[in-house]
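Peer 1: Protein chains in written order, with this note's numbering: chain A, 32 to 348; chain B, 714 to 985. Below you'll find the structure I mean.
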Amino acid sequence: MTTLLDETPPIAPTRSTAGELSHPGARRPDRQRFLHVDGLRLSVWEWGDADAPPVLFAHGGFDFAGTFDTLAPLVADAGYRVVSWDQRGHGDSGPAHLYSWDADVGDALAVIEAIGARSLPVVGHSKGGALMLQLADTQPHRVSHLVNLDGLPSARSWPDVPEHHRTRMLDGELAAWLDHRRQAATKVRRPGTIEELAARRARMNPRLDPAWLRYLVRIGGFERPDGWRWKIDPAMRLGGFGPWRPEWSMARLPSLGMPVLCVLGLETEVMGWGTRPEDVEVNLPVGGRFVALDDVGHFVHVEQPRRIADLVLEHLS
Amino acid sequence: MIGPEHLDADHLDADRPDTDHADVDHRGSSGTHAADATTPGAARETVFLAHARVRLALHRLRDGEGGALLCLHGLGERTPDEAPRWLAAWPGPIWGLDCTGHGDSTLPAGGGYTAEILMADVDHALAHLGEATLVGRGLGAYVALLAAGARPRAVAGAILTDGPGLAGGGPTPHSPMWLRPAAGTDRGRTPDPYALLDLARDIRPGDYATTYARQAVQLSGLETPISVAAVVRPPWLAAVIDEPGVTTAGIPEALARYAGVTRAAVADRPVG
């Protein structure tokens, strides 16, 4: 059965088409275009002068480029062309057949090639920070500066569970994940009002202003007669399985040769990694800078865009 | 074990399927439902299964009496046109699954392969077949192990044999690495060059592999749910062989062991 949900949702507005959509300090990107990578569609967003030196921003898991609407304008206004993209399955990028960490790093490289830059500074938040860390490690000639915003997984958050309990727990988790995959072909997201979608996101973003979350609904969501839905691919699910270990990400940090800035928000919350300063300090590369913010949660750039913009600009100058 | 997106589901919303997942259509010379076709020696018949946006080709290679045997090809391979001779001793029906990006299954856009997604491919075949004994070559051997651990009650033994892609990317991450297939690589048909790239560097720690072996041993009700027939033993497989309940055996011996297993007998056993 074909329904309205099969139609591609309208693309989030740019600065010139934003109309009444606004939030204090936020500014929609100046430009949007689609990049097609071997059949995969990625939505690329830019703030600032198209001829200014580029800097790449990478968003976190289950976010989208619009979550930089407060940080990116501050960096753009200081003389940069800020480029970000909606990761596959997120925001206005199309759903993908497959998702993986390495695929996202490959997509980032495709965006860099489309920018036309041989090498450029990269800024990543959360999962995006870890992706940029891997990009900098595996393609050092592509990354001139690295800024990591609360995107340094460490092994701290792992539960210590007895083996016999672990078998039962794992059995349930594996079966639940496979059951989800069996239903993934027909899943749709649950509709609701803007307020309801914002309230759901508040469970992942408990420290953020509800007005900001309502603003995000109108960028990362779309409206149909029965309500709003998040655009993110319903086939995606938190809590997949794989051999990935958080310390693998941190282990890439000491090898980096470009200027590195790591920022950690010390207020622990649900989407964060629980990483502590001592986990970072021993792995900081030679000459690297580490800033820990006591009074800030995981979404450092949303909570304190001016402070983060100043740190980024100082690092790039 | 748990991936980078390490939280429980249901943060964004509780998504629900509109309908049952079944989106099965059929292709074959007879035009009949593959699962109903029983003509001995009939030409290979194919069932297509929907796994998210991927259409998987599940081939019936041969009929028979007893439990089903499901063949999992190696990296870059595809299901053969007929049941291989080295499986001739199997008394039951023999099936083969083309994994995502291989054979007659969908060629995805832009890669992103993981062994876990191929494990879910196998789970879709298990949903269609009910239960099966798995025999995997190379990459298919690793995927068979994962499926045996994740669906211990639906896999009546897994036989791990040599084949392409057995080692994967080794037990730990490495760098630098190519992120996308090189320009000029043969694209637009299977096997997907992204599959060759992604699954040749897929990281396979020994303790990750043994986790699945333990799930199979503790929950399958089989005394030896995993049989290793492979001569080549990369670190993940060497670790698995050391687990209780995992045995090394030639292919004929392993086939004979699992040919006698029925799910009813397994279900009678106490679990855990």
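No residue lacks a Cβ here, since even glycine has one placed at the ideal position from N, Cα and C.
Looking at the strands, I want to know which residues DSSP matches up with residue 156(A).
Peer 2: Position 125 of the first sequence holds residue 156(A). Partner(s): 180(A).
Peer 1: For residue 94(A), return the contacting residues in chain B, with the cut-off set at a CB-CB distance below 8 Å.
Peer 2: For this step, residue 94(A) is matched to residue 63 along the first sequence. Against chain B, the beta carbon of residue 94(A) has no neighbour under 8 Å; the closest one sits roughly 11 Å away.
Peer 1: Just verifying my parser: in three-state terms, what is the DSSP assignment at residue 781(B)?
Peer 2: Sequence index remark: in the second sequence, residue 781(B) carries index 68 (1-based). DSSP places residue 781(B) in strand when its eight states are reduced to three.
Peer 1: Determine, using beta carbons only, whether residue 932(B) comes closer than 8 Å to chain A.
Peer 2: Here residue 932(B) refers to the residue found at position 219 when the second sequence is read from its first residue. Yes, contact with chain A.
Peer 1: Would you identify the three-state DSSP class for residue 939(B), choosing helix, strand or coil?
Peer 2: Translated into positions along the second sequence, residue 939(B) becomes position 226. Here residue 939(B) sits in strand by DSSP.
Peer 1: Just checking: is the beta-carbon of residue 215(A) within a distance shorter than 8 Å of some beta-carbon in chain B?
Peer 2: Your numbering for residue 215(A) matches position 184 in the first sequence. Closer than 8 Å: yes.
Peer 1: Any beta carbon from chain A within less than 8 Å of residue 837(B)'s own beta carbon?
Peer 2: Residue numbering aside, residue 837(B) sits at position 124 when the second sequence is read from its first letter. So, interface residue.
Peer 1: Starting from residue 811(B), trace the beta strand (DSSP E) in both directions and tell me its first and last residue.
Peer 2: For this step, residue 811(B) is matched to residue 98 along the second sequence. First-last of the beta strand (DSSP E) with residue 811(B): 807-811.
Peer 1: Which bits of chain B does residue 130(A) rub up against, with CB to CB less than 7 Å?
Peer 2: The sequence position of residue 130(A) within the first sequence is 99, counting from 1. Those are 825, listed as they occur along chain B.
Peer 1: Taking the alpha-carbon positions, what's the residue 241(A) to residue 54(A) distance?
Peer 2: Position 210 of the first sequence, counting from 1, holds the residue named residue 241(A). Position 23 of the first sequence, counting from 1, holds the residue named residue 54(A). Roughly 11 Å separates the two Cα atoms.
Peer 1: Examine chain A for any beta-carbon lying closer than 8 Å to the beta-carbon of residue 739(B), and answer yes or no.
Peer 2: The residue given as residue 739(B) occupies position 26 in the second sequence. Note on residue 739(B): pLDDT 38, under 50, position unreliable in the model; no value is reported.
Peer 1: What residues in its chain sit with their C-beta under 7 Å from that of residue 817(B), if we drop five residues either side in the sequence?
Peer 2: Reading the second sequence from its first residue, position 104 is the one you call residue 817(B). Cβ neighbours of residue 817(B) beyond the five flanking positions: 759, 770, 811.
Peer 1: Run through chain A and tell me which residues come within less than 8 Å of residue 902(B), C-beta to C-beta.
Peer 2: As a working mapping, residue 902(B) is identified with position 189 in the second sequence. Per Cβ cutoff of 8 Å: no residues; residue 902(B) is ~13 Å from chain A at best.
Peer 1: Can you say whether residue 306(A) is buried or exposed, counting buried as having 16 or more other CB atoms within 10 angstroms of its CB?
Peer 2: Taking the first residue of the first sequence as position 1, residue 306(A) is located at position 275. So residue 306(A) counts as buried.
Peer 1: How would you write the range of the alpha helix (DSSP H) that residue 336(A) sits in, first residue to last?
Peer 2: Along the first sequence, one-based indexing puts residue 336(A) at 305. Taken as a continuous stretch (DSSP letters only), the alpha helix (DSSP H) holding residue 336(A) covers 336-347.
Peer 1: Where do the N-terminal and C-terminal ends of the alpha helix (DSSP H) with residue 677(B) fall, by residue?
Peer 2: This structure leaves residue 677(B) out entirely; chain B is present only between 714 and 985.
Peer 1: So, does the segment 291-304 of chain A touch the segment 842-860 of chain B, judging by three or more C-beta pairs under 8 Å?
Peer 2: no
Peer 1: Mind checking whether residue 916(B) and residue 883(B) have CB atoms under 8 Å apart?
Peer 2: Walking along the second sequence from the start, residue 916(B) turns up at place 203. Walking along the second sequence from the start, residue 883(B) turns up at place 170. Yes, the Cβ-Cβ distance between residue 916(B) and residue 883(B) is below 8 Å.
Peer 1: If we cut at 8 Å on Cβ distances, does residue 68(A) have a partner in chain B?
Peer 2: Counted from its first residue, the first sequence places residue 68(A) at position 37. Chain B places a beta carbon closer than 8 Å to that of residue 68(A), counting this residue as a contact.
Peer 1: Since residue 928(B) is in the beta strand (DSSP E), which residue starts that stretch and which ends it?
Peer 2: Counted from its first residue, the second sequence places residue 928(B) at position 215. No beta strand (DSSP E) holds residue 928(B); the alpha helix (DSSP H) holding it covers 919-932.
Peer 1: Could you give the first and the last residue of the continuous alpha helix (DSSP H) run that contains residue 277(A)?
Peer 2: Walking along the first sequence from the start, residue 277(A) turns up at place 246. From DSSP, the alpha helix (DSSP H) with residue 277(A) extends over 277-281.
Peer 1: May I have the straight-line CA-CA distance separating residue 205(A) from residue 827(B), to the nearest angstrom?
Peer 2: Counting from one through the first sequence, the residue named residue 205(A) turns up at place 174. Counting from one through the second sequence, the residue named residue 827(B) turns up at place 114. If you take the alpha carbons of residue 205(A) and residue 827(B), they lie about 15 Å apart.
Peer 1: Give a yes or no on contact between the segment 232-241 of chain A and the segment 197-204 of chain A, applying the rule of three or more CB pairs nearer than 8 Å.
Peer 2: Because the criterion of three Cβ pairs below 8 Å is not met, the segment 232-241 of chain A and the segment 197-204 of chain A do not touch.
Peer 1: So for residue 95(A), helix, strand or coil by DSSP?
Peer 2: If you number the first sequence from 1, residue 95(A) lands on position 64. Note: residue 95(A) maps to coil in three-state DSSP.
Peer 1: Rounded C-beta distance between residue 179(A) and residue 294(A)? I'm assuming under 8 Å.
Peer 2: Residue 179(A) sits at position 148 when you count from the first residue of the first sequence. Residue 294(A) sits at position 263 when you count from the first residue of the first sequence. Correct: roughly 7 Å between the Cβ atoms.
Peer 1: Count the other CB atoms within 10 Å of the CB of residue 885(B); is the residue buried (16 or more) or exposed (fewer)?
Peer 2: Against the second sequence, residue 885(B) aligns to sequence position 172. Exposed is the label assigned to residue 885(B), since fewer than 16 other Cβ atoms lie within 10 Å of its Cβ.
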